[in-house]
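Order-wise, the sequence lines are chains G and H.
Under the numbering used here, the letters of the first sequence match residues -8 to 261, in that order.
Under the numbering used here, the letters of the second sequence match residues 45 to 224, in that order.
Backbone N, C-alpha and C fix where the C-beta goes; we use that ideal spot for every residue, glycine too.
Written below as C-alpha cells is the structure these notes are about.
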Amino acid sequence: MSNKLEDILDDCIEQTRLGKALEDVLRECPEAAEQIRPLLAIANELEQLPEPSPSVTGIMRTMAKLSLQETRPQPKRRKIVFFSRSFLIRAAAVLLVVMLGGWTTVTASSQALPGDLLYPIKLFTERAKFFLTINQEEKVELRIVFSAERLKEAVKKYERGQKLDRKLLQEMLKEARLSVETSVDLPESTRSLLVARAAYLSEFQKETLGRFKNRVKPEEQEVLTPYMNMCGRRAAWMRQMVDEDSGTAEPQTPRNRMRRWRDMCPMWRE
Amino acid sequence: MNQGEIESLLEKARRGEAEALAQLCGHFYPKMLKYMHYRVDAASAEDLTGEVFVRVLRHISDQKGSFVAWLYRIAANAATDHARARKIRRESPMDERATETIAGGDNPADVVGRQMDIRTAIARLTDDQRELVTLKFIQGLSNSEIAEITDRKQGTIRGLQFRALAALRELLGGEEKRHE
C-alpha cells in the first residue's frame, strides 16, 4: 500500500506541476485522495516559499573569498589580497548590478580605470582568468599583459585629470617581477623566450614612462623617475639573466636558479 | 539560460574564459542561495553560497557530465561539511519565533507566520528528507535530476518524498495543535 501511495503521490505532484488543478488531480485517484490531499497541499506550500534576496554583504563576502584564492602554484607562498575593504564594497555593489543587469557588463569593464564603478569587475576577471589558466607559460604571458595594462591605466587616469597613481606603477613592477618568477621552472628555451619578452616589456615601459614624464607636472616628474630607472635596470638585468642562464653548463634546480637570479639583480625586491 | 547556453559557457569556462565562468556563477548564485537558505539556515546561507563558488572556481577545469548536478553535489557537500563542523542546531532565531505564530489565513502576517512554521518544520526533518525537500520543492528539480545529484534510484526518491511530506504534515499538524 505504501509503495502504491508513494507512486500516486509522485504522479499527482508531476500533474500539478504541469498546471493541473489540485482537485482535478485528486479526482483521478479517489481511493487515495484523502491521504494524498494534505501532502499535496504541503508540497504546494513548499513550492511557494519566498526566494531569499542576495545581500550586498553576502556578495561582498563571496567576492572576497574568490579574490583571496591562491593564484600561484607554490603552496608555501603567501596569499595575495587583491581588494581592500572599501574596494570590495564597491565590487559587491557592482556585482549586484551585474547580476541583475546581465554579464555584458563584465566585457564592458575591460576599459575601466581605478575609481570607475566597473574596475573591480575588471580586476576580478583578470584574477579569475589567471586562476583558470593551468599552463605555466600562459600564466607568465598573463602577468606580462597585466603589467602592461597597469601602466596603460596609470597614463589614462592621469590624462583624465586625476593624480598620478603610484599604486598602479607599483603593480606594474610587481606583475613584471612575478612574470619572471613564474617562468623559473619552465624549460630553458621557453624560459629564455619569456624572460626576454619581460625584458622587452620593461624596456618599453621605461620608454613610455620617459615620454609620459614630459607631459606631467614638474612636481610629479620626480615621482616617475625611480619607476623609469627601475624598468631600465630591470630590462638590463633580465637580458643578462637570459645570457647567463643559457650559458650555464651545470644543471640547476628552479630554486637555485631563482637564488642566482636574485643575486644577479639586487633591486629585484624593490 | 537554456541548456545549450549553459553548455556553451561551460565549454568556455573549462578553457579558462573567466567571463564565461562569471556568467555561470551569476546565473546560479540566486539558486544556490535559495538552496542553502532552506537546506542549512538563513544565517549561514550566504557564506556557504560563497563557499560553493570557491569550490566551483577551484575545480571547474576537472568538471565532467551535468554541470547542474555537479553544482548541487558541491552545494550538498558544503552543507554537509558545515553541519558536521558546527554540529548544527537547525533552528535560527527566526525559526524559534515561528513556533509562536498562528497558521493559515490571508492576512500577510499569517502567511509569513505559516512560512516560518514550514521553515521550522523543514529544519526538523532528517538530513536526507531535508535534502530531498530542498531539491524537489524549493529548487523545483525533477526526480531524474535529483537521482543524478544524490546518486539514488528514482524509486528511493519517491519513497523519501512520501516520508518527507508525511513528516512535514506531522510536524506542521503538531504546530497547529499547540496553538489551538
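- Check whether the segment 155 to 173 of chain G touches the segment 132 to 145 of chain G, counting contact only when three or more Cβ pairs, one atom from each stretch, lie closer than 8 Å. yes
- Does DSSP put glutamine 205 (chain H) in a helix, in a strand, or in coil? helix
- Query: Whose C-alpha, out of G:Val233, G:Leu104, G:Phe195, G:Ser180, is nearest the C-alpha of glutamate 150 (chain G)?
  - Reply: G:Leu104
- Best match in H:Gln205, H:Val84, H:Ile50, H:Arg174 for proximity to asparagine 187 (chain H) [C-alpha to C-alpha]: That would be H:Gln205, whose Cα lies nearest to the Cα of asparagine 187 (chain H).
- Taking Cβ-Cβ distances shorter than 9 Å, what residues in chain H pair up with glycine 49 (chain G)? Within chain H, the residues whose beta carbon sits less than 9 Å from that of glycine 49 (chain G) are Leu77, Ala89, Glu90, Asp91, Thr93, Gly94, listed in sequence order.
- Message: For valine 20 (chain H), tell me which candidate among H:Ile193, H:Thr164, H:Arg158, H:Leu209 has the shortest Cα-Cα distance.
- Response: This structure leaves residue 20 (chain H) out entirely; chain H is present only between 45 and 224.
- Task: Say whether chain H places a C-beta atom closer than 8 Å to the C-beta of proline 105 (chain G).
- Result: no
- Contact belief for glutamate 90 (chain H) with leucine 77 (chain H) at Cβ below 8 Å, rounded distance in angstroms: 7 Å
- Item | Residue from G:Ile27, G:Ser101, G:Glu198, G:Lys113 whose Cα sits closest to the Cα of alanine 226 (chain G) | G:Glu198
- Beta-carbon proximity check, serine 183 (chain G) vs valine 233 (chain G), cutoff 8 Å: yes
- Contacts of serine 46 (chain G) in chain H (Cβ-Cβ under 7 Å): Glu90
- What in chain G is Cβ-close to glutamine 47 (chain H), meaning under 9 Å? Chain G residues near glutamine 47 (chain H): none, gap ~18 Å exceeds 9 Å.
- Task: Would you kindly work out how many angstroms separate the C-alpha atoms of aspartate 15 (chain G) and arginine 213 (chain H), rounded to a whole number?
- Result: Using only the alpha carbons, I get a separation of about 22 Å.
- Item | Extent of the continuous alpha helix (DSSP H) run through isoleucine 104 (chain H) | Taken as a continuous stretch (DSSP letters only), isoleucine 104 (chain H) belongs to no alpha helix (DSSP H), as it is neither H nor E.
- Where serine 101 (chain G) falls, given that 16 or more other Cβ within 10 Å makes a residue buried: exposed
- Task: Would you kindly report the start and end of the unbroken alpha helix (DSSP H) that includes arginine 168 (chain H)?
- Result: Taken as a continuous stretch (DSSP letters only), arginine 168 (chain H) belongs to no alpha helix (DSSP H), as it is neither H nor E.
- How is leucine 9 (chain G) classed by DSSP in three states: helix, strand or coil? In the structure shown, leucine 9 (chain G) sits in coil (DSSP, three-state: anything other than H, G, I, E or B).
- Message: Can you give me the C-alpha to C-alpha distance between lysine 108 (chain H) and alanine 12 (chain G), rounded to a whole angstrom?
- Response: 39 Å
- Task: Give the residues of chain G in contact with tyrosine 82 (chain H), contact being defined as C-beta atoms less than 8 Å apart.
- Result: Leu40
- Message: Looking at alanine 24 (chain G): is its Cβ nearer than 8 Å to the Cβ of leucine -4 (chain G)?
- Response: no
- Item | Beta-carbon contacts of aspartate 171 (chain H) that lie in its chain and below 8 Å, excluding the five residues immediately before and after | Close CB contacts of aspartate 171 (chain H) within its chain, under the 8 Å cut and outside five residues either way in sequence, are with Thr124, Ala127 (chain order).
- Item | Chain-ordered neighbours of isoleucine 162 (chain H) on chain G, where CB pairs are closer than 9 Å | Those are Ile33, Glu36, Leu37, Leu40, listed as they occur along chain G.
- Query: Name the residues in the segment 14 to 30 of chain G whose C-beta lies less than 8 Å from a C-beta of chain H; which are they?
  - Reply: Pro29, Leu30
- Message: For glutamate 194 (chain G), which residues in the same chain have their Cβ closer than 6 Å to its Cβ, ignoring the five residues on either side in sequence?
- Response: Ala226
- Task: Using a Cβ cut-off of 8 Å (strictly closer), state whether alanine 86 (chain H) contacts chain G.
- Result: yes
- Message: Please classify alanine 129 (chain H) as buried or exposed, where buried requires at least 16 other C-beta atoms within 10 Å of its C-beta.
- Response: exposed
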